[in-house]
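Below is one structure, written out as structure tokens; comments come after it.
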Amino acid sequence: MPEKISYNESKLVQMLKQRTAAAFSYLYDNYSGALYSVILSVVQDNELANDVLQEVFIKIWRQIEQYNPDKGRLFTWLVNISRNASIDTLRSKSYHSQKQNRELNETVYSAAGATNIETDKIGLRKIVNNLKEDYKVLVELAYFQGYTQDEISKALNIPLGTVKTRLRSALIQLKEFFKK
Amino acid sequence: MDIKEYIQSGIIEQYVLGLATAEEAAELEQLRIQYPELNDAIISFEKNFEEHLLLNSIQPPANIKSLIEKELFADTSKTKIVETSLASKTSTPNINAWRWLAAACIILLIGSTALNFYFYSGYKNSRHDYEALLTERNTLQANNVSYKQSLEMFQDTSMMHVQMKGMPGKEENIATVLWDKRSKDVYIYTAEMQQTPTGKQYQLWAIVDGKPVDAGVINNCTGVCKMKRIDHAQAFAITLEKEGGSAKPTLNDMYVMGKVS
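Protein chains in written order, with numbering that gives the first Met the number 0: chain A, 0 to 179; chain B, 0 to 260.
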């Protein structure tokens, strides 16, 4: 009767620092699905997501020493690495394929009108879609595209203070959806 | 500072999702040390978020895991090309000959280094495979010994066998209690039980005068597991309990039961 093993976070971190194959296997088996869904939500492309997922696990493996439990749970750290890597990939991709200086305005409009039915159902986007339109745009730009609040304020021509409060209200609403 | 207001301001969500500015993050990290309720609220949102994402996992293509493993566990030591500095200032008349000789030496050296490296990595791979086989063999041998002991127990005529059959809806489960009439030691064989979900364990109970008595949680062992000693009982049963076992059985999670004949 083989039992399914489950480790708590601090034990897992300790194992990861020892770089054992079993630690990797456990990490991958337990978290790859969740991280893949985060990555897919951001890059919205299967091929690209596959590449980012590999990059993310290699990063986690090499940078586990940088994880600081005082700043949050391991999972939160993993998600943030995934999101950042996804955004970086998107940026370097558009940097190569588009103009050197992206016009933020263009992305804003495409974001606001982004009613791509397929991708709207992936992972976190499914939830974000429940938000009202002006919240959705903010989360799209901040979370999925990685713009700073300052950049958003300039692009949408809304005062920085409004961006701040609106983003926070959006996130508070999002939180309610997570609980369901 | 009104900490309740701060907790409800949305800053926690912003921080966890990686959307806080450096200043906002630094402030929050400072405050969470001072205010345990803030710290709790952060962890609670992190867990919420985590639970949601784990529930909404999307399985990546199956080959990715092995691709990453190849990248992480391949032998990455690289050949370092040894630089040889040649005294080129010696002005001999046939300097060209010396140059050719030096070039030949360098080529030979590089070739030899490469060959060394090639053989060494071959050696390392074989060594690695050999060790893996050795470990596997030891595990198999240990299992073999356990199984042999289990078989002997089943044959021992002083062992009472109590076969426990699956409860309605769980008919595919069977387990057997071996009860040593001399020492009153109890052993359990559970190879035909379905796998327990994460965080759960099977627990054996002896039914003594109508009351369940804890006979121990069933750990993952090869062959039969030794349980608590039971002096007398009319029946045995197994329930599914939280990890570590419970003081009282969860009766609606009873999997198998068998009477002592």
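Where a beta carbon is used, it is the ideal one built from N, C-alpha and C, also for glycine.
The structure displayed is predicted, hence computed values, not measured ones.
If you look at residue 152(B), you'll find it in the alpha helix (DSSP H) that goes 94-154. Bounds of the beta strand (DSSP E) holding residue 160(B) are 158-165. Residue 187(B) has 176(B) and 224(B) as its beta-bridge partners, per DSSP. Straight across, the Cα-Cα distance linking residue 80(A) with residue 95(B) is about 58 Å.
Per DSSP, reduced to three states, the secondary structure at residue 213(B) is strand.
Interface annotation for the stretch 17-47 of chain A against chain B: 20, 23, 27, 31, 32, 33, 35, 36, 37 and 39, criterion Cβ-Cβ distance under 7 Å. By the CB criterion at 8 Å, residue 56(A) and residue 27(A) fall inside the cutoff.
Counting only residues of its own chain and dropping the five nearest sequence neighbours on each side, residue 202(B) has a CB closer than 6 Å to the CB of 216, 238, 240 and 244.
For residue 160(B), not one C-beta of chain A is nearer than 8 Å to its own C-beta. Residue 239(B) is bridged by DSSP to 201(B).
Within chain A, the residues placing a beta-carbon under 8 Å from that of residue 15(B) are 71 and 75, ordered along the chain. Taking a C-beta distance under 8 Å as the contact criterion, residue 67(B) and residue 65(A) do not qualify as a contact pair. Neighbours of residue 95(B) across chain A, judged by C-beta separation under 8 Å, do not exist; the nearest C-beta is about 49 Å away.
For the set 178(B), 206(B) and 192(B), the Cα lying nearest the Cα of residue 225(B) is the one of 178(B). When rounded, the separation of the alpha-carbon atoms in residue 32(A) and residue 160(B) is 45 Å. In chain B, no part has a C-beta under 7 Å from the C-beta of residue 127(A); the shortest such distance is about 11 Å.
Look at residue 4(B): its C-beta is not under 8 Å from any C-beta on chain A. Within 7 Å of the CB of residue 155(A), no CB atom of chain B is found; the nearest one sits about 16 Å away. In this structure, the straight-line span from the alpha carbon of residue 40(A) to that of residue 125(A) is close to 9 Å. In the three-state reduction of the DSSP assignment, residue 32(B) falls in the helix class.
Positions of the alpha helix (DSSP H) runs, each at least 4 residues long and wholly inside the stretch 135-168 of chain A, are given as 148-155 in order along the chain.
Looking only at 105(B), 174(B), 18(B) and 207(B), the smallest Cα-Cα distance to residue 194(B) is reached by 174(B).
Where residue 258(B) is concerned, the enclosing beta strand (DSSP E) starts and stops at 253-258. If you ignore the 5 residues before and after residue 165(B), its C-beta comes within less than 8 Å of the C-beta of 171, 172, 173, 254 and 255, all in its own chain and listed in chain order.
In this structure, residue 181(B) places its C-beta atom within 8 Å of the C-beta atom of residue 157(B).
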